[in-house]
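Positions 1 to 259 (UniProt numbering) are the ones given, in order, by the sequence shown.
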Amino acid sequence: MTISDPGFNITSPPVNGFVCCTRGSRIAVFNPTTGFMLTLPHVKANGREIYARSVRCDVHRKYVKQQEHLVLSLTSQFTGWRKIEITGDPYAYLEGGICIDGAIYYGVGHTKIARFDLRYEKMTFIQGPKDYNAISCYSTLTNYEGKLACVSYDSYCESNMRLWILQDAEKQEWSSIMTCVVPCDKEIYLCSGESPTNKVVMVSRCLKSSKHFFVYYFDMFRESIIRRMEVEIDGMVDYELRRPRILCFPGHFENLMYF
């Protein structure tokens with residue numbers, strides 16, 4: 001897959017076969033199957049940072065408690081971004097993002113997860129499980145059997161991957177922790193997204209022709225690695241790209257629809 005405008009970066013897992021991309025204050029929706037990219041109406045950042053997830057946008061000013069939450073509906077007659085009111089304390093950090101059953105979830109602090117209902121355009125906040133860091137690069141949100149799950153793994157400290165499942169969003173009840181022994185390797189990282197087989201996926205962090213690229217599938221119920229694949233990626237030259245970023249989204253499917 002090649003993005004038609006290489007200046008754009010993918011910011012969140014795919015939703016219905018589409019991915020959200022940003023480039024500074026510009027936001028676009030990209031279809032990897034058709035190669036079509038739709039640039040959305042401009043968002044006035046005014047010196048603030050922009051975070052785009054699926055069909056909504058957060059505008060933050062660093063170190064100042066000032067935020068705006070904007071929504072744009074991708075219909076044949078969309079007119080622009082609409083500002084929506086959000087109750088709750090402002091947050092300075094935003095990490096990840098996954099859409100499950102009409103709601104977007106993403107980490108907004110070390111222990112807090114935001115839930116945005118796309119139908120009612122309502123934001124609520126969920127207290128994350130104990131010992132889970134929602135904005136750590138070693139943590140991710142995933143869809144596990146249709147429910148929100150938190151996965152945490154720190155290759156520098158331990159070799160156990162931990163998983164919590166949100167059983168009741170209203171009561172903010174999490175299931176007991178499931179653990180799985182994984183390779184103690186700082187060169188692999190967790191993948192966010194939905195796995196059709198309800199498995200947690202990890203991949204190699206680096207992409208070099210001189211090193212093997214591995215994909216790991218973990219079954220948390222069996223507490224073991226059930227599959228380890230070596231993948232060949234052609235057309236890449238070592239150090240061809242500066243600071244390459246590896247993104248892996250299990251559960252992505254092709255969509256032939258155009259806007």
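Idealized CB from N, CA, C, for every residue including glycine. All of these numbers come straight from a predicted model, not from anything done at the bench.
Assuming the contact rule is C-beta atoms closer than 8 Å, residue i and residue j should be a hit. Round their C-beta distance to whole Å, please.
| i | j | result |
| --- | --- | --- |
| residue 14 | residue 252 | 5 Å |
| residue 172 | residue 126 | 5 Å |
| residue 94 | residue 108 | 6 Å |
| residue 150 | residue 201 | That pair is no contact at about 15 Å. |
| residue 21 | residue 11 | 7 Å |
| residue 142 | residue 104 | No, residue 142 and residue 104 are not in contact; Cβ-Cβ is about 14 Å, not under 8 Å. |
Quick one: Cα of residue i to Cα of residue j, how far?
| i | j | result |
| --- | --- | --- |
| residue 203 | residue 8 | 23 Å |
| residue 256 | residue 96 | 26 Å |
| residue 175 | residue 199 | 17 Å |
| residue 23 | residue 212 | 31 Å |
| residue 227 | residue 180 | 14 Å |
| residue 144 | residue 35 | 29 Å |
| residue 115 | residue 214 | 32 Å |
| residue 147 | residue 137 | 21 Å |
| residue 170 | residue 117 | 13 Å |
| residue 27 | residue 106 | 18 Å |
| residue 131 | residue 113 | 14 Å |
| residue 219 | residue 162 | 12 Å |
| residue 152 | residue 206 | 20 Å |
| residue 134 | residue 83 | 26 Å |
| residue 168 | residue 121 | 20 Å |
| residue 254 | residue 37 | 15 Å |
| residue 119 | residue 128 | 23 Å |
| residue 85 | residue 91 | 14 Å |
| residue 43 | residue 123 | 20 Å |
| residue 60 | residue 87 | The predicted model places residue 60 with a pLDDT of 43, which falls under 50 and marks its position as unreliable, so this point remains unresolved. |
| residue 25 | residue 80 | 15 Å |
Can you name the start and end residues of the beta strand (DSSP E) that residue i belongs to?
| i | result |
| --- | --- |
| residue 117 | 112 to 117 |
| residue 152 | 147 to 152 |
| residue 70 | 67 to 71 |
| residue 271 | Here the chain has residues from 1 to 259 only, and residue 271 is not among them. |
| residue 166 | 160 to 168 |
| residue 141 | 139 to 144 |
| residue 99 | 95 to 100 |
| residue 127 | 122 to 127 |
| residue 253 | Residue 253 -> no beta strand (DSSP E), and no H or E assigned at all. |
| residue 107 | 103 to 107 |
| residue 217 | 213 to 219 |
| residue 246 | That residue, residue 246, is in no beta strand (DSSP E); it is neither H nor E in DSSP. |
Would you decide whether residue i is buried or exposed? Buried here means 16 or more other CB atoms lie within 10 Å of its CB.
| i | result |
| --- | --- |
| residue 182 | buried |
| residue 231 | exposed |
| residue 69 | buried |
| residue 30 | buried |
| residue 139 | buried |
| residue 250 | buried |
| residue 74 | exposed |
| residue 221 | exposed |
Which partner residues of residue i appear in the DSSP bridge assignment?
| i | result |
| --- | --- |
| residue 28 | 21 and 39 |
| residue 178 | 163 |
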